[in-house]
Structure formats: C-alpha cells, structure tokens
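S.K.: Per numbering that gives the first Met the number 0, the very first residue in the sequence shown carries number 0; after that it's consecutive.
Quick reminder that beta carbons are idealized off the backbone N, C-alpha and C, glycines included.
This one's a predicted model, so the numbers in the text were calculated from it and none came from an experiment.
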Amino acid sequence: MSVFYKKRFAPLLLLACTGAYSCSSSEQAAEETPTSLKEAAEGDFYIGAALNYDQVYGREEEAVALIKEEFNTISPENMLKMGPIHPEQNVYNFEPADKYVAFGEENDMFTIGHTLVWHSQAPDWIFVDKEGNTVGRDTLLQRMEDHIATVAGRYKGKIDGWDVVNEALEDDGSLRQTKWLEIIGEEYLQKAFEFAKEADPEAELYYNDYSLWKPAKREAAVHLVKNLQEKGIQVDGVGMQGHYGIDYPSLEDIEASINAFADLGVKVMITELDVDLLPNPSNRQGADIAMTFEPQEGFNPYAEGLPDSVQQKLTRRYADLFELFHKHRDKISRVTFWGVADKHSWLNDWPMEGRRSYPLLFDRDYQPKPAYEAVMEAVSE
Ligand code: XIL
0 MSVFYKKRFA PLLLLACTGA YSCSSSEQAA EETPTSLKEA AEGDFYIGAA
50 LNYDQVYGRE EEAVALIKEE FNTISPENML KMGPIHPEQN VYNFEPADKY
100 VAFGEENDMF TIGHTLVWHS QAPDWIFVDK EGNTVGRDTL LQRMEDHIAT
150 VAGRYKGKID GWDVVNEALE DDGSLRQTKW LEIIGEEYLQ KAFEFAKEAD
200 PEAELYYNDY SLWKPAKREA AVHLVKNLQE KGIQVDGVGM QGHYGIDYPS
250 LEDIEASINA FADLGVKVMI TELDVDLLPN PSNRQGADIA MTFEPQEGFN
300 PYAEGLPDSV QQKLTRRYAD LFELFHKHRD KISRVTFWGV ADKHSWLNDW
350 PMEGRRSYPL LFDRDYQPKP AYEAVMEAVS E
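(1) Is the separation between the beta-carbon of Asp-162 and that of Gly-112 shorter than 8 Å?
(2) So what does Ser-74 bridge to, in DSSP terms?
(3) Kindly indicate which three-state DSSP category Asp-319 falls into: helix, strand or coil?
(4) What does Ile-273 pair with, by DSSP beta-bridge criteria?
(5) Is the segment 231-243 close to the segment 200-209, with three or more CB pairs under 8 Å?
(6) According to DSSP, simplified to helix, strand and coil, what is Lys-368?
(7) Within the present structure, is the beta-carbon of Glu-59 separated from the nearest heavy atom of the ligand XIL by less than 7 Å?
(8) Distance check for Val-374 and Tyr-317, CA to CA, integer angstroms please.
(9) Between Asp-145 and Phe-109, how many whole angstroms is the CB-CB distance? I'm expecting something under 8 Å.
(10) Jot down the residue ranges of each uninterrupted alpha helix (DSSP H) in the segment 297-356, minimum 4 residues, whole runs only, in chain order.
(11) Taking the alpha-carbon positions, what's the Phe-126 to Glu-59 distance?
(12) Tell me whether His-85 sits in a helix, a strand or coil according to DSSP, three-state version.
(13) Measuring straight from C-alpha to C-alpha, what distance separates Glu-203 and Glu-181?
(14) Count the other CB atoms, across all protein chains shown, that sit within 10 Å of the CB of Asn-395; report buried if there are 16 or more and exposed otherwise.
(15) Nearest by alpha-carbon distance to Phe-192: which of Arg-217, Asp-170, Ala-148 and Thr-138 is it?
(16) Is it buried or exposed for Pro-350, if we count other Cβ within 10 angstroms and need 16 for buried?
(17) Should the segment 282-298 be called in touch with the segment 320-336, which here means at least 3 C-beta pairs below 8 Å?
(18) Could you give the C-beta distance for Lys-196 and Asp-235, rounded to a whole number, given that I count them as a contact under 8 Å?
(19) Just checking my contact of Val-150 with Leu-250 at CB under 8 Å: how many whole Å lie between their CB atoms?
(20) If Glu-31 sits next to Asn-51, beta carbons under 8 Å apart, how far is it from one beta carbon to the other, in whole angstroms?
(21) Within 10 angstroms of its Cβ, does His-118 collect 16 or more other Cβ (buried), or is it exposed?
(22) Determine the closest residue to Val-274 out of Gln-228, Asp-319, Thr-291 and Val-237, with distance taken between C-alpha atoms.
(23) Should Lys-6 be labelled buried (16 or more other beta-carbon atoms within 10 Å of its own) or exposed?
(24) Distance check for Pro-122 and His-85, CA to CA, integer angstroms please.
(25) Could you give the first and the last residue of the continuous beta strand (DSSP E) run that contains Asn-207?
(26) Roughly how many angstroms separate the alpha carbons of Arg-363 and Leu-272, rounded to a whole number?
(27) Hey, would you say Ile-232 sits closer than 8 Å to Gln-189, going by beta carbons?
(28) Return yes when the Cβ of Ala-39 is within less than 8 Å of the Cβ of Val-378, no when it is not.
(29) Considering only heavy atoms of the ligand XIL, does any lie closer than 7 Å to the CB of Ala-286?
(30) Grouping DSSP H, G and I as helix and E and B as strand, with all else coil, what is Ile-288?
(31) What span of residues does the alpha helix (DSSP H) with His-113 cover, start to end?
(32) Quick one: what's got a C-beta closer than 7 Å to Ala-48's C-beta in the same chain, skipping five residues either side?
(33) For Arg-175, which residues of its own chain have a beta-carbon under 7 Å away from its beta-carbon, when the five flanking residues on both sides are left out?
(34) Hey, would you say Gln-54 sits closer than 8 Å to Ala-64, going by beta carbons?
(35) Shorter than 7 Å, the distance from the beta carbon of Glu-376 to the closest heavy atom of the ligand XIL, or not?
(36) Which residue's Cα is closest to the Cα of Asp-107: Glu-185, Glu-68, Phe-361 and Ala-96?
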C-alpha cells in the first residue's frame, strides 16, 4: 500500500475496484497517491506560500506553476505591508497588491492579507507631522483608521484573512515598545481589530507573531487575545510564525502553544514556515527583521551545496514538524511557507546578506527536496 494512502480515498477505491471492475495494484496506487501538498493536506488544513513581486507579476513562470500546483492559500511577502503599499500620506501603491489579490481570486486560493499594523516596514511619515515632530494620539489613530479602511476596504470580500497586528510582543512577554504603543497606548491593539472589522466584516482577523513557542510569549499572547475577547473584539486566529531552526524550538514547546491558542477558541495557523540551517553569530532565535549582522567568514557553510547529512537532518525536522501539525489538524487551519523555493527565501539575506540558504521544500531548480516527500508522508497518514 502506498505510503500516501489516505483515508478519504478508500470509499472511492472500494467502488472503483469492485464488481465488474478490478484494479491492479499500480492503478490503485496512482489513484490513492496525492500529487501535491494541497491534495495531501486536504481536509486537514490549507497549505500555502508567501509570494514575492516577481511571482505576482507572473515574471517567474516556474514558480507560478508550482504555486498553482501545490498550494491553496497565499500570503503577500511584502506588497501589503504599510510601507510598500502606503509610502506617503496620500500615496498608495496598489498595483502589486491588486495583482496579488487577482492571483488569489483567479486560482481560487484562500488569500491572506499581511499586515495592517506592524512596527517594521512602516512608512516614516506615519508617525510624524510635516515638521518631523511625533504626532499625537488622535492623529495616529486617525491615520491608522484611514489606512485600514482604505486597504482592507479595497480588498473587502477578496482577502479572506488579515494579519491585523503583527509582532506586538517581546520575547519576555512584555508589550513591544513600538511607536504604535508609545503614541496611542495599549488601546492600539483593540483599535486595529475594530477598524479591520469595520473595513471588512466578513474577513477573518488574526494576531500574528514569531517565537510564540516561548512560554513567556505564549502566555502573553494568550493574555492579549483574551483581553480583546473580553472586550467583545473579534479575533479569529493566532498565527504562529514558523521561523524555526533545525534544532529549536522543541516540538513540545510548539505543541503547548498550539493547545494554548486552540483553548481560546480561535484558529491556530502556522504562518511563515521555514527552517534555518545556517549559523548565526548570536544566539538569536526568532525573526526580528531589525536584527542583522555584517557578512563574516565561516557563516556561509553551504555555499557549494548541502551535504547529504544536513539534507537528512532537514528532512527529519520537516517530518517531525508536520507529524505534529497533522496530529493537531483539528486545531490548525493553515500552514504557510515563507516563500516557494529556496532561492526566494528571505533567509538568503537575513540576518546576514548574501548567503545560500536551504529552508524550504523546493530547491533552486524548483525541484521537490527529500523534505517534500517527508511532508507528504506526514500529512497523508
Ligand atoms: C520579511 C520578508 O520576507 C523580506 O523580504 C523583507 O525584507 C523583510 O520582511 N516576520 C514577518 C514577515 O512578519 O513579514 C517578514 O518578512 C519576516 C519576519
């Protein structure tokens, strides 16, 4: 029996292979074997990838073909962030986002908006007046509302779920000291969700953050969502950015967070999944995009290719992760990779520029890696 055997194919096979019809084992295997990630995970969770500009503009045919073939949900890697889409007060750059949303519609994909309120990649103008002085609370709230009404309003009914707030927490569980918090106060969280709800009442609304497996951050995120829920604010899900390493976090920590968020009665999503194999000069664990290092000797160990032993470790890691996600498929609604093929990954340039990274399921020639087979197997059990 194929390792990809899926319960849901069983009734079909029974029908097809009884009575006047008999099936050879190879015919059976062909019918039983899912041929894509989305098919393998069907009925469990959506499976997706973040798209870059070339892909939404159709400039990279191989990647586009792969996206259509393998995934049923998409995220915008950069084009819907506040800086790129709203670079100046009265200037919106909608074109790339329009293309992204059209791609989602044309291909019938669950289309994610990322992200409405974030401290990174926010445009400079939003926090200052014409003289360059920090704006007051009311002004910033008004600007936030205008931004959300305009962007989430434009894609109303087309974007299925929004990362409303991204990365509001520090790893120790305290609220991150951002301009949003500094100028508006803690209420900015609630306001962001309220404005999003007004702009698109049908869209799912999420809180998204990295390192949510860390116990202190997990507790803080639970507290944050509970607080909003107690105020009657709609939160539909928590996105756990999956910027993981080869040997951290532990599966137990990830699992504890999946359970903790599911206990809130919200959807759990693994967003931004990639597995970083490269060394870093600090003990960094997480995805703070401001944390970068100058290129240094010895930090690009696989420039000429990935040794078999490391490929195997990556495969094992992906198998473990997806066995866990599969186990919790009743809680997890979506798993999204942060990129399509290795060559697109932001981890080629972060936290150190110009390296060769191998964090995804497809190699630089768009070919599935052994980790792909491991994922197919894990979700098909
Ligand atoms: C990254 C993009 O992949 C890069 O292209 C960009 O230069 C920086 O941002 N957490 C997030 C994502 O929520 O938006 C970040 O994406 C990665 C970390």
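M.R.: If we stick to the structure as given:
(1) Start at 1 with the first residue of the sequence shown, and residue 162 comes out as number 163. Start at 1 with the first residue of the sequence shown, and residue 112 comes out as number 113. A contact, by the Cβ cut-off of 8 Å.
(2) As a working note, residue 74 is residue 75 in the sequence shown. Ala-49.
(3) Position 320 of the sequence shown, counted from the start, is the residue given in the question as residue 319. Helix at Asp-319.
(4) As a first step, residue 273 is located in the sequence shown; it is residue number 274 there, counting from the start. The amino acid at residue 273 is misidentified as Ile; the sequence shows Asp. Answer is His-242, bridged to Asp-273.
(5) yes
(6) One-based indexing of the sequence shown puts residue 368 at position 369. The answer is coil: DSSP assigns Lys-368 none of H, G, I, E or B.
(7) As a working note, residue 59 is residue 60 in the sequence shown. Result no, Cβ not under 7 Å from the ligand XIL.
(8) Taking the sequence shown and counting its residues from 1, one reaches residue 317 at position 318. Taking the sequence shown and counting its residues from 1, one reaches residue 374 at position 375. C-alpha separation (whole angstroms): 6 Å.
(9) For the purposes of this step, residue 145 is taken as residue 146 along the sequence shown, with counting starting at 1. For the purposes of this step, residue 109 is taken as residue 110 along the sequence shown, with counting starting at 1. In fact, because the Cβ distance is near 27 Å, the residues do not count as touching under 8 Å.
(10) 307-326
(11) On the sequence shown, residue 126 is found 127 positions in, with the first residue counted as 1. On the sequence shown, residue 59 is found 60 positions in, with the first residue counted as 1. In a straight line, the C-alpha of Phe-126 is about 36 Å away from that of Glu-59.
(12) By one-based count along the sequence shown, residue 85 stands at place 86. Coil, per DSSP.
(13) Residue 203 sits at position 204 when you count from the first residue of the sequence shown. Residue 181 sits at position 182 when you count from the first residue of the sequence shown. C-alpha separation (whole angstroms): 27 Å.
(14) Outside the shown range of the chain (0 to 380) lies residue 395, about which nothing can therefore be said.
(15) Counting from one through the sequence shown, the residue named residue 192 turns up at place 193. Cα-wise, what sits closest to Phe-192 is Ala-148.
(16) Numbered from its first residue, the sequence shown carries residue 350 at position 351. Buried, by the Cβ-count rule.
(17) no
(18) Numbered from 1 along the sequence shown, position 197 holds the residue referred to as residue 196. Numbered from 1 along the sequence shown, position 236 holds the residue referred to as residue 235. Going by Cβ atoms, the distance from Lys-196 to Asp-235 rounds to 10 Å, so no, they are not a contact pair.
(19) Locating residue 150 in the sequence shown gives position 151, counting from the first residue. Locating residue 250 in the sequence shown gives position 251, counting from the first residue. Contact doesn't hold; Cβ gap of about 36 Å is too wide.
(20) Locating residue 31 in the sequence shown gives position 32, where the first residue counts as 1. Locating residue 51 in the sequence shown gives position 52, where the first residue counts as 1. Not confirmed; about 34 Å, so no contact.
(21) Taking the sequence shown and counting its residues from 1, one reaches residue 118 at position 119. His-118 should be labelled buried.
(22) The count along the sequence shown starts at 1 and reaches residue 274 at position 275. The shortest C-alpha separation from Val-274 is found at Asp-319.
(23) Residue mapping note: residue 6 aligns to position 7 of the sequence shown, counting from 1. Any reading at Lys-6 must be qualified, since the residue scores a pLDDT of 36, below 50, and its modelled position is unreliable; no value is offered.
(24) Counting from one through the sequence shown, the residue named residue 85 turns up at place 86. Counting from one through the sequence shown, the residue named residue 122 turns up at place 123. Near 7 Å, if we compare the C-alpha coordinates of Pro-122 and His-85.
(25) Here residue 207 corresponds to residue number 208 of the sequence shown, with the count starting at 1. Where Asn-207 is concerned, the enclosing beta strand (DSSP E) stretches over 203-209.
(26) The residue you call residue 363 lines up with position 364 of the sequence shown. The residue you call residue 272 lines up with position 273 of the sequence shown. Whole-angstrom Cα-Cα distance: 18 Å.
(27) Looking up residue 232 in the sequence shown gives position 233. Looking up residue 189 in the sequence shown gives position 190. Cβ atoms of Ile-232 and Gln-189: closer than 8 Å.
(28) Walking along the sequence shown from the start, residue 378 turns up at place 379. Walking along the sequence shown from the start, residue 39 turns up at place 40. Their beta carbons are under 8 Å apart, which means Val-378 touches Ala-39 by this criterion.
(29) Along the sequence shown, one-based indexing puts residue 286 at 287. Yes, since a heavy atom of the ligand XIL falls inside the 7 Å radius drawn around the Cβ of Ala-286.
(30) As a first step, residue 288 is located in the sequence shown; it is residue number 289 there, counting from the start. Three-state result, Ile-288: coil.
(31) Locating residue 113 in the sequence shown gives position 114, counting from the first residue. Here His-113 belongs to no alpha helix (DSSP H); instead the beta strand (DSSP E) covers 109-116.
(32) If you number the sequence shown from 1, residue 48 lands on position 49. Once the five neighbours on either side are set aside, the close Cβ partners of Ala-48 are Ile-66, Phe-70, Ile-73, Thr-335, Phe-336, Gly-338 and Val-339.
(33) The residue labelled residue 175 in the question sits at position 176 within the sequence shown. Here the set comprises His-118, Glu-166, Ala-167, Leu-168 and Glu-169.
(34) Within the sequence shown, residue 54 is the residue found at index 55, counting from 1. Within the sequence shown, residue 64 is the residue found at index 65, counting from 1. It is not a contact, given that the beta carbons lie outside the stated cut-off.
(35) In the sequence shown, the residue the question calls residue 376 occupies position 377. The answer is no for Glu-376.
(36) Position 108 of the sequence shown, counting from 1, holds the residue named residue 107. Measuring from the Cα of Asp-107, the nearest candidate turns out to be Glu-68.
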